[in-house]
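Here the sequence shown is numbered in my numbering, starting from 159 and rising by one per residue. Cβ atoms here follow ideal geometry from the backbone N, Cα and C, with glycine treated the same way.
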Amino acid sequence: MDERMTGEFRMERSERSDLTPLDIRYQEFRQGLRGYSVAEVREYLGRVADAQTALIEENERLRSYIRELEAELAKAREGEAELKRAVVAAERIAREIKAQAEREAELIKRETESERQAALQELIEQMKRIKNDIEQVRNERDLFVGQFRALLEGYLASLDRFKR
159 MDERMTGEFR MERSERSDLT PLDIRYQEFR QGLRGYSVAE VREYLGRVAD
209 AQTALIEENE RLRSYIRELE AELAKAREGE AELKRAVVAA ERIAREIKAQ
259 AEREAELIKR ETESERQAAL QELIEQMKRI KNDIEQVRNE RDLFVGQFRA
309 LLEGYLASLD RFKR
């Protein structure tokens, strides 16, 4: 088909001829003196009828083609509308997924920070306990050293007395 044929083509009844190829082929004319040659008129009318038949067939073929094109166009428009709806839905879903991911990331961040704070607090408490334990061990050592020194000094004093 001709690619230049676009848009909708509708022939209204008023634009159509009510004259059919059969009307042309069997049209009767009155004969007058020295009128037209009946054979020539009949031959001409036959050619006109054949041409009109060809035009009617071509017209019907073109109408059929136009209906097919209009159906394809309707399908294409429907497909385009579906595609647009799908794109809008995909964009909406993408925004929702992104928002959900951001919320989850924020929640994970808060949980991680909370866990970090708890772990840090636990380490601080553990360090305090270790520091207290170290201080207690030092105190016990100092006490032991003091007591042991006193004991040794007592023994030394006793030894000094025995020596004398």
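Inter-residue Cα distance where the pair is residue i and residue j
i, j, result
"Phe320", "Leu301", "28 Å"
"Glu298", "Gln279", "28 Å"
"Ala239", "Leu231", "12 Å"
"Leu213", "Val245", "46 Å"
"Arg188", "Pro179", "20 Å"
"Arg205", "Arg192", "23 Å"
"Tyr184", "Tyr202", "11 Å"
"Glu311", "Arg274", "54 Å"
"Phe306", "Ala315", "14 Å"
"Tyr194", "Glu215", "30 Å"
"Glu260", "Ile266", "10 Å"
"Glu269", "Ala263", "10 Å"
Exposed unless 16 or more other CB atoms sit within 10 angstroms - verdict on residue i
i, result
"Ile182", "buried"
"Ala277", "exposed"
"Gln210", "buried"
"Ala252", "exposed"
DSSP-derived helix/strand/coil call for residue i
i, result
"Asp291", "helix"
"Arg137", "Coverage of the chain is limited to positions 159 through 322, which leaves residue 137 absent and any answer about it impossible."
"Met159", "Residue placement at Met159 is poorly supported in this model, since its pLDDT is 41, which falls under 50; the coordinates still yield a value, given next. In the structure shown, Met159 sits in coil (DSSP, three-state: anything other than H, G, I, E or B)."
"Glu186", "coil"
"Tyr194", "coil"
Residue i: CB within 7 Å of a non-hydrogen atom of the ligand ATP
i, result
"Glu264", "For the structure depicted, the ligand ATP is absent and the ligand set is empty, with no information on it obtainable."
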